[in-house]
Structures are given as C-alpha cells and as structure tokens.
Amino acid sequence: MNKVEILVMEAGEELDRLVATEVMGEPVPEFTPENALDLQLAGSPVKSPKGNWLCLCRYGEGDIPTWRPLPYSTDISAAWLVVEKLAEGWERDHEPISIEVMYDCGAYEAKIETWNDGKIDWNEPILSGSYNKAPEAICKAALLTRLDEIKELEE
Numbered sequence: 001m002n003k004v005e006i007l008v009m010e011a012g013e014e015l016d017r018l019v020a021t022e023v024m025g026e027p028v029p030e031f032t033p034e035n036a037l038d039l040q041l042a043g044s045p046v047k048s049p050k051g052n053w054l055c056l057c058r059y060g061e062g063d064i065p066t067w068r069p070l071p072y073s074t075d076i077s078a079a080w081l082v083v084e085k086l087a088e089g090w091e092r093d094h095e096p097i098s099i100e101v102m103y104d105c106g107a108y109e110a111k112i113e114t115w116n117d118g119k120i121d122w123n124e125p126i127l128s129g130s131y132n133k134a135p136e137a138i139c140k141a142a143l144l145t146r147l148d149e150i151k152e153l154e155e
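So for the sequence shown, the UniProt record's numbering puts the first residue at 1; every next one is plus one.
Set out below in structure tokens:
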C-alpha cells in the first residue's frame with residue numbers, strides 16, 4: 001500500500017480495518033465467542049482484547065458473529081483513540097509530535113509533524129489535506145505515519 005492508495009480510500013470499514021491493525025496494533029481476533037448475539041442484544045457486544053474490534057451480528061448477514069473494527073474513520077470518539085495512540089507512541093520513544101486537526105472553509109485538515117533532531121526543527125507534515133470529516137483526516141494521517149511499516153509487511 002502506498003500514500004496515494006491510502007489517500008483515495010473512502011471512509012468506512014476497509015479504512016477502519018487498516019487503522020485497527022496498522023495503527024492500533026491489533027489484528028482481527030481469531031476466535032468467535034458463542035454468545036456474541038446474546039451479548040449484542042443485551043447492549044454489550046463482545047470486544048477484542050485491546051478493544052479495537054467488536055464481534056457483531058447483523059440481521060441482513062444471517063446473524064453470524066463477525067469481528068468489525070471500531071468506526072475510526074466515521075466517528076470522532078473512535079478517531080480520538082487514534083490520536084491518543086499516536087501521542088502515546090511518540091511520548092514513549094521520547095520524540096516530540098504535533099497533531100493538529102483544523103476546520104477551514106468547509107473541510108477538515110489533519111496535520112502530523114515529528115521532530116527532526118538533525119535539523120533541530122519540525123519535519124515536513126506527514127499529511128496536510130482536506131477531508132469532509134475530521135475522523136477520516138485523522139485516520140489517513142495516522143496510517144501515513146506507519147507507511148514504511150505497512151510496506152515491509154506486504155513484502
């Protein structure tokens with residue numbers, strides 16, 4: 001996957017799957033709980049160990065339990081977990097990071113900058129683009145921070 005492929009992705013489950021695995025660091029769980037439908041109907045769907053996936057049953061799909069990622073690219077509360085994960089990772093590695101989400105003229109922009117010790121200055125922004133929704137901008141910027149790691153996995 002390259003930068004262009006990430007940027008043209010639509011907000012939705014495919015983008016959310018990438019964020020859950022590549023940014024949040026949790027692959028799709030391999031187990032399927034037997035009581036998933038009952039728990040979902042009771043208002044408490046089964047969560048994956050790290051909380052990035054929900055085991056949901058959809059009526060139109062035969063109520064078969066299926067792991068679905070949190071709606072990172074369409075729900076701001078889920079997208080904010082991505083921002084916190086990025087900040088946590090950079091703080092752990094003792095490297096400064098700047099994460100900005102702005103709204104201007106009807107579009108959202110997410111900009112992530114990292115510190116370049118060699119230049120004693122901020123690097124060029126990882127993503128500075130306009131999107132209809134803030135969660136989509138956050139997710140794409142976060143994926144671009146992991147682009148080298150994604151390429152290594154595909155090879």
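C-beta: ideal position from N, C-alpha, C; glycine also.
What you are looking at is a predicted structure, and each value in this text was computed from that prediction instead of being measured.
- Per DSSP, Pro-33 lies in no alpha helix (DSSP H) and is assigned neither H nor E.
- Between Ile-6 and Val-82, the CB-CB gap reaches or exceeds 7 Å.
- Take the alpha-carbon of Val-8 and the one of Gly-43: they are about 34 Å apart.
- In the three-state reduction of the DSSP assignment, Thr-74 falls in the coil class.
- Distances from the CA of Glu-14 to each of Glu-30, Thr-74, Val-46 were compared; the closest alpha carbon is that of Thr-74.
- Residue burial annotation: Thr-32 is exposed, with fewer than 16 other C-beta atoms found within 10 angstroms of its C-beta.
- For the options Pro-49, Gly-89, Pro-71, the alpha carbon positioned closest to that of Asp-16 is the one of Pro-71.
- By the CB criterion at 7 Å, Cys-55 and Pro-69 fall outside the cutoff.
- By the neighbour-count criterion, in which 16 or more other beta carbons inside 10 Å mark a residue as buried, Asn-132 falls on the exposed side.
- Taking a C-beta distance under 7 Å as the contact criterion, Met-24 and Lys-85 qualify as a contact pair.
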